[in-house]
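The structure under discussion appears below in the form of structure tokens.
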Amino acid sequence: MARSKDITGRVWKFGDNVDTDAIIPGKYLVLNSSTDLAKHAFENVRPNFSSQVVKGDIVVGGENFGCGSSREHAPLALKDNVGAVLARSFARIFFRNAIDIGLPVVECDTTEIEDGDIIHVDLKRGKIFNKTQNKEIPMTPFPQFIKNIIDAGGLVQYVKNNAQLESQELRELETD
Amino acid sequence: MGQTIAEKIFSNSAGRVVTAGEFVEAAIDVAMIHDITGPLAVKTLHEITDHVWDRTKVIMLFDHQVPADSIDAAVNHIELRKFAKREGILNYDVQEGVCHQVMIEKGHVLPGELVIGADSHTCTYGAVGAFATGVGSTDMGVALASGRLWFKVPDTIAFDIEGKLSRRVYAKDVILTIIGDVSVNGATYKACEFGGEAVAHMDIASRMTLCNMAIEMGGKTGIVAPDKVTASFLEERSVDGDFTLRSDEDATKVLRRYNASDMVPVIAKPHQVDNVVPVTDVEGYHIDQVFIGSCTNGRYEDLKAAAELLKGETVAQGVRMIVIPASRTVFQRALKTGLIDIFTDSGALVEAPCCGPCMGGSFGILGPGEIGLSTSNRNFVGRQGSPMAAVYLCSPATAAASAIYGVIADPRTH
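Residue numbers (the working numbering), protein chains in the order written: chain L, 16 to 191; chain H, 71 to 484.
So this is what it looks like as structure tokens:
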């Protein structure tokens, strides 16, 4: 399901190199649902996160957010509650996984964003506005290829749409 | 304009000439799933279609929670077993050991292939000249359904390592030195190509250690151009491949030079893999647990290096040592050659092949305030158990020397 492209929420600020073990510790990888995983998000590094996070809140990191494991459990643990993740840069596999499951991940300069700030993210128009600091933050645009996956609401839907298109084209060719 | 190994492999898999930076849809040669990431991948597959695209190209094994250490783990194993049986795919189940070791050891990966695994250390397979990369479960599910996946063709960093390694300095010290130099995101999105005199002299086991940790500097893969070492390794496994694959002289890549002769035993201090210092800087530091094993350093050659130091010695009082051969094959060989006797005589615990304490989700967990010394690949907060514990990363020789002295020790002085 494609989610809303318009997000406003409170900032949970983290530092550089937030790793996947910090997002979801290894012992919870036996869990496979976003609801179960969300209860343990950031448990080791920010124990009150899962009880206090409000739907639409924004997780903000520095460089290399999501480094480490390929566990999709990490973005999945955030997906239910977190409106978007903003970071100066992302680790490769986390970035892919987030895009694949439809968790908005945005590259931008997060240096001046502070914990507790209220931020508005407009994915459609590619704009981020820090309401607390009354400041616009430019975001790095997505390559078109990745934008297509985001617009579809994730990789599975993207693949399904493409398959549908292909079979439609095939049918049209056959009837030609 | 010439091409890198990565560009050549993606050109072949995409069916057209591609260069770094392009998005491609590429055909997958082999896909690997394990007990942790498998269930979500299968779920995604079933959201798209009923069956895997080619049952001969999918390999499954269980290694993270083996034997099942909880009911949740057992349920995951049951579901995956059913899936493997229904699909007719090869399932090594709990029997063979750590996925990356088994994939290479059994000859499932060939030079020039495009391989994905639902595990970040899939980059290990570059040791035999494949382009192998870790993916999440949705990517894996899509690949299982269609045999294809999208990639951005990566730029290449060529790590040229000249010179010869000194006594008791190993591939683990080389890769930790490199990560300490470039930092934990120094190679993000890049293919890390390892070459030079020192790499030419390395066996496949050492090359696997190098490539394994490419992800710890953000790399998309590690890769070593196949050569006669690769050829003889794969010949022993009765598999053939193209051993001429290499980057063209004029291919675009960033070059980073190192001299192996200057390298010393090093250690990554808590809680980041690039927090690397010479072992001599932390000699005498307290430790509670020593772990030798994992996809990084659980091979026969690693156990042998550790056993050389431990022979006739005992693990110091107050320290517990866990040794886990990375596969059944490694375990059997170590049994036959007496390495396991050396470990058990010294007081170490030897466990059956699996990931063990490396990911902190099974056994060998560190408690609050404890210090672990580990030959694995990550020392993040909470990685091996309590968030109040700390993990240092080192070579098997440094781990063995430290187990004997009961504190962090330099393997060259033993």
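Every residue, glycine too, gets a C-beta built ideally from N, C-alpha and C.
Query, Result
"Residue 258 of chain H beta carbon less than 8 Å from that of residue 104 of chain L", "yes"
"Every unbroken alpha helix (DSSP H) within the segment 117-166 of chain L, with a cutoff of 4 residues, ordered by chain", "none"
"Check whether residue 120 of chain L and residue 110 of chain L have beta carbons under 8 Å apart", "yes"
"Integer-rounded CB distance, given that residue 181 of chain H should sit under 8 Å from residue 291 of chain H", "Incorrect: roughly 13 Å between the Cβ atoms, too far for contact."
"Spatially closest choice to residue 462 of chain H from H:450, H:471 and H:395, by CA coordinates", "H:450"
"DSSP three-state assignment for residue 271 of chain H, whether helix, strand or coil", "coil"
"Cβ contact check for the segment 141-157 of chain L and the segment 113-129 of chain L: 3 or more pairs under 8 Å", "yes"
"Residue 114 of chain H: contacting residues in chain L (beta-carbon distance under 7 Å)", "171"
"Beta-carbon neighbours of residue 49 of chain L, restricted to chain H and to distances below 7 Å", "The premise fails here: residue 49 of chain L is roughly 10 Å from chain H at the closest Cβ pair, so nothing lies under 7 Å."
"CB of residue 232 of chain H within 8 Å of CB of residue 329 of chain H, strictly", "yes"
"Min CB distance residue 124 of chain L to chain H below 8 Å", "no"
"Residue 278 of chain H versus residue 91 of chain L - alpha carbon distance", "30 Å"
"Residue(s) in a DSSP beta bridge with residue 348 of chain H", "H:336"
"Below-8 Å beta-carbon distance, residue 154 of chain H vs any chain L residue", "no"
"For residue 250 of chain H, the first and last residue of its enclosing alpha helix (DSSP H)", "241-252"
"Any C-beta of chain H under 8 Å from that of residue 162 of chain L", "no"
"Any 3 or more C-beta pairs closer than 8 Å across the segment 250-266 of chain H and the segment 167-181 of chain H", "no"
"Contacts that residue 110 of chain H makes with chain L (C-beta to C-beta distance below 7 Å)", "47 and 87"
"Residue 79 of chain L: contacting residues in chain H (beta-carbon distance under 8 Å)", "254, 255, 258 and 288"
"Cα-Cα separation, residue 348 of chain H to residue 213 of chain H", "42 Å"
"Cβ of residue 450 of chain H within 8 Å of any chain L Cβ", "yes"
"Three-state class that DSSP yields for residue 291 of chain H in the structure shown", "strand"
"Residue span of the beta strand (DSSP E) that contains residue 360 of chain H, given as start and end", "359-362"
"Limits of the alpha helix (DSSP H) - the one that residue 212 of chain H falls within", "207-216"
"Whole-angstrom C-beta distance between residue 264 of chain H and residue 495 of chain H, which should lie under 8 Å", "As displayed, chain H neither begins before 71 nor continues past 484, which places residue 495 of chain H out of reach and without an answer."
"Residue range of the unbroken alpha helix (DSSP H) whose run includes residue 147 of chain H", "141-157"
"Residue span of the alpha helix (DSSP H) that contains residue 104 of chain H, given as start and end", "Run containing residue 104 of chain H: none in the alpha helix (DSSP H); it sits in the beta strand (DSSP E), 100-104."
"Given 8 Å, three or more beta-carbon pairs between the segment 177-196 of chain H and the segment 97-106 of chain H", "yes"
"Closest Cα partner of residue 142 of chain H within the set L:67, L:84, L:75 and L:46", "L:46"
"Rounded Cβ spacing between residue 396 of chain H and residue 167 of chain H (contact assumed at less than 8 Å)", "6 Å"
"Within chain L, the residues that residue 146 of chain H reaches when beta carbons sit closer than 7 Å", "45"
"Amino acids of chain H, ordered along the chain, whose beta-carbon sits closer than 7 Å to that of residue 115 of chain L", "206, 208 and 209"
"Under 8 Å from the C-beta of residue 174 of chain L: neighbouring residues of chain H", "118, 212, 215 and 216"
"Cβ pair count under 8 Å reaching 3, the segment 21-38 of chain L against the segment 72-79 of chain L", "yes"
"Selection of the segment 333-354 of chain H by Cβ proximity to chain L, strictly under 8 Å", "342"
"Whether residue 282 of chain H touches residue 170 of chain H by CB criterion (8 Å)", "yes"
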